[in-house]
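Asker: Protein sequence lines correspond, in order, to chains A and B.
Take the first sequence: its position 76, counted from the start at 1, is 357 in the numbering used here, and no numbers get skipped.
Take the second sequence: its position 7, counted from the start at 1, is 49 in the numbering used here, and no numbers get skipped.
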Amino acid sequence: AAMNNIQQLIMILNSATDKPSDTLIVYFNNCTVNPKDSILKRVENLEHIFKKKFAEAVGPAWAEIGSQRYKLGVRLYYRVMESMLKSEEERLSVQNFSKLLNDNIFHTSLLACAVEVVMATYGRNASQGNGTSAETDLSFPWILSVFDLKAFDFYKVIESFIKAEPSLTREMIKHLERCEHRIMESLAWQSGSPLFDLIRQSKEREGQTDQSEPSST
Amino acid sequence: TQDYHFGLEEGEGISELFDCD
Chain A
282 AAMNNIQQLI
292 MILNSATDKP
302 SDTLIVYFNN
312 CTVNPKDSIL
322 KRVENLEHIF
332 KKKFAEAVGP
342 AWAEIGSQRY
352 KLGVRLYYRV
362 MESMLKSEEE
372 RLSVQNFSKL
382 LNDNIFHTSL
392 LACAVEVVMA
402 TYGRNASQGN
412 GTSAETDLSF
422 PWILSVFDLK
432 AFDFYKVIES
442 FIKAEPSLTR
452 EMIKHLERCE
462 HRIMESLAWQ
472 SGSPLFDLIR
482 QSKEREGQTD
492 QSEPSST
Chain B
43 TQDYHFGLEE
53 GEGISELFDC
63 D
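Laid out in C-alpha cells, this is it:
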C-alpha cells in the first residue's frame, strides 16, 4: 500500500512543474494585483524554513531528503491551485481572483496541505530504520508549526484540495479526513485560534454581546 | 472519495471560505 501511494504520487507529479504553469500565469495576470512575485517569494522562503525545521527534527544528514519532499509538495501545490481556479472560474464565471490569490493564508494553507500529502505518502519518520534514538514524528500537525499556520485556516483548504485532485489515493483522502477530524475536535479550539474571534463577531452581529464572559469560555 | 463526507454546499467553494465572494 505504501509503495502504491508513492508510485501514484510520482505519477501525478511527473508532468507537474516546479514553477507556475502558463495557465496559472494567465490567472495571475488577470488579477487586479498580480500575485506572481509574492507567490514565488513565499515558496522560496518556506523552502528555507521547511529544510531547516526538517533537519532539526531528523538530523542534518537528512536535510536533502526534506528539500526533495518540499519540492514535490510545491509541484502538487501549483497543480492543485490551477485545478481549483478552473473550478472556481466555472462555478462563479469570473477570471479575476485577485483577493484569493493575494491571500497569504490561502497560499500557506494550500502549500502546507500539499506538503502534508507528500509527507504522509512517504511515511512519518524520515529516519525510520537507521537506528537513531531520536525519531521525530513528522506527521500532522507538525506541518502547522513549521509554517506557523493555524489549524482553523488549514482546515479551509482540505475539502477543496480533495475535490481538485481526483488522483489522490484512498489512503491520502483518509489521511486528510483524519486531519479534518482532529482539527474539528481539538486543534481549532486551542488558544489563539481565529475561531474565537469569529464566534465573538458572530454573536456581536446577532446583538448578543456578553462583555463579562471570556472568549475562550 | 466514496467514504469522504463533502461538507461544502452547492454554492460554496474556496472563494467563500477565504471571504473572497
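We put the beta carbon where it would ideally sit given N, CA and C, even for glycine.
#1: Please decide whether E369 (chain A) counts as near chain B, where near means a Cβ-Cβ distance under 8 Å.
#2: Indicate the three-state DSSP secondary structure (helix, strand or coil) for Y359 (chain A) in the structure shown.
#3: Just by C-beta distance, which residues in the stretch 378 to 401 of chain A are closer than 8 Å to chain B?
#4: In three-state terms, what does DSSP make of V375 (chain A)?
#5: So, A297 (chain A) versus R360 (chain A), is the Cβ gap smaller than 8 Å?
#6: Where F387 (chain A) and V438 (chain A) are concerned, what is the direct C-alpha to C-alpha distance, given to the nearest angstrom?
#7: Any C-beta of chain B sitting closer than 8 Å to the C-beta of M365 (chain A)?
#8: What separation, rounded to the nearest whole angstrom, lies between the Cα atoms of F335 (chain A) and H456 (chain A)?
#9: Taking the C-alpha atoms as reference points, what is the distance between W423 (chain A) and A395 (chain A)?
#10: For V438 (chain A), does the three-state DSSP call read helix, strand or coil?
#11: When the cut-off is 8 Å and only beta carbons count, does S441 (chain A) lie next to chain B?
#12: Determine the burial state of E485 (chain A): buried for a count of at least 16 other Cβ atoms within 10 Å of its Cβ, exposed for fewer.
#13: Any C-beta of chain B within less than 9 Å: which residues of the stretch 308 to 327 of chain A qualify?
#14: Using 8 Å as the threshold, is the C-beta distance between G354 (chain A) and K332 (chain A) below it?
#15: Is G347 (chain A) helix, strand or coil when you go by DSSP?
#16: By Cβ distance, which residues of its chain are closer than 6 Å to L233 (chain A), with the 5 residues on each side in sequence left out?
#17: In terms of alpha-carbon separation, which member of A:M362, A:G340 and A:I293 lies closest to D303 (chain A)?
#18: If you follow the alpha helix (DSSP H) that H388 (chain A) is part of, which residue opens it and which one closes it?
Answerer: Quick look at the numbers:
#1: One-based indexing of the first sequence puts residue 369 (chain A) at position 88. Interface flag for E369 (chain A) against chain B is set, since a Cβ pair is found closer than 8 Å.
#2: Here the question's residue 359 (chain A) lines up with position 78 in the first sequence. For Y359 (chain A), the three-state secondary structure derived from DSSP is helix.
#3: Going along the stretch 378 to 401 of chain A in chain order, one finds F378, K380, L381, D384, I386 and F387 with a Cβ nearer than 8 Å to chain B.
#4: On the first sequence, residue 375 (chain A) is found 94 positions in, with the first residue counted as 1. In the structure shown, V375 (chain A) sits in coil (DSSP, three-state: anything other than H, G, I, E or B).
#5: On the first sequence, position 16 is the one that residue 297 (chain A) refers to. On the first sequence, position 79 is the one that residue 360 (chain A) refers to. In this structure, the beta-carbon distance from A297 (chain A) to R360 (chain A) falls below 8 Å.
#6: As a position in the first sequence, residue 387 (chain A) is number 106, starting the count at 1. As a position in the first sequence, residue 438 (chain A) is number 157, starting the count at 1. The alpha-carbon atoms of F387 (chain A) and V438 (chain A) are separated by roughly 8 Å.
#7: Start at 1 with the first residue of the first sequence, and residue 365 (chain A) comes out as number 84. With 8 Å as the cut-off, M365 (chain A) counts as an interface residue toward chain B.
#8: Reading the first sequence from its first residue, position 54 is the one you call residue 335 (chain A). Reading the first sequence from its first residue, position 175 is the one you call residue 456 (chain A). F335 (chain A) and H456 (chain A) have their alpha carbons spaced roughly 21 Å apart.
#9: Sequence index remark: in the first sequence, residue 423 (chain A) carries index 142 (1-based). Sequence index remark: in the first sequence, residue 395 (chain A) carries index 114 (1-based). Between the C-alpha atoms of W423 (chain A) and A395 (chain A) there is a straight-line separation of about 14 Å.
#10: What you label residue 438 (chain A) is simply residue 157 of the first sequence in a count that begins at 1. In the three-state DSSP reduction, V438 (chain A) falls in the helix class (H, G or I).
#11: Looking up residue 441 (chain A) in the first sequence gives position 160. Cβ-Cβ to chain B under 8 Å: yes for S441 (chain A).
#12: As a first step, residue 485 (chain A) is located in the first sequence; it is residue number 204 there, counting from the start. By the 10 Å Cβ count, E485 (chain A) comes out exposed.
#13: Of all residues in the stretch 308 to 327 of chain A, none has a Cβ within less than 9 Å of some Cβ in chain B.
#14: Numbered from 1 along the first sequence, position 73 holds the residue referred to as residue 354 (chain A). Numbered from 1 along the first sequence, position 51 holds the residue referred to as residue 332 (chain A). Not closer than 8 Å, so no.
#15: Position 66 of the first sequence holds residue 347 (chain A). It is helical.
#16: Because chain A is modelled from 282 through 498, residue 233 (chain A) falls outside the range shown and cannot be assessed.
#17: As a working mapping, residue 303 (chain A) is identified with position 22 in the first sequence. Of A:M362, A:G340 and A:I293, the smallest CA-CA separation from D303 (chain A) is found for A:M362.
#18: As a working mapping, residue 388 (chain A) is identified with position 107 in the first sequence. N385 to Y403 is the extent of the alpha helix (DSSP H) around H388 (chain A).
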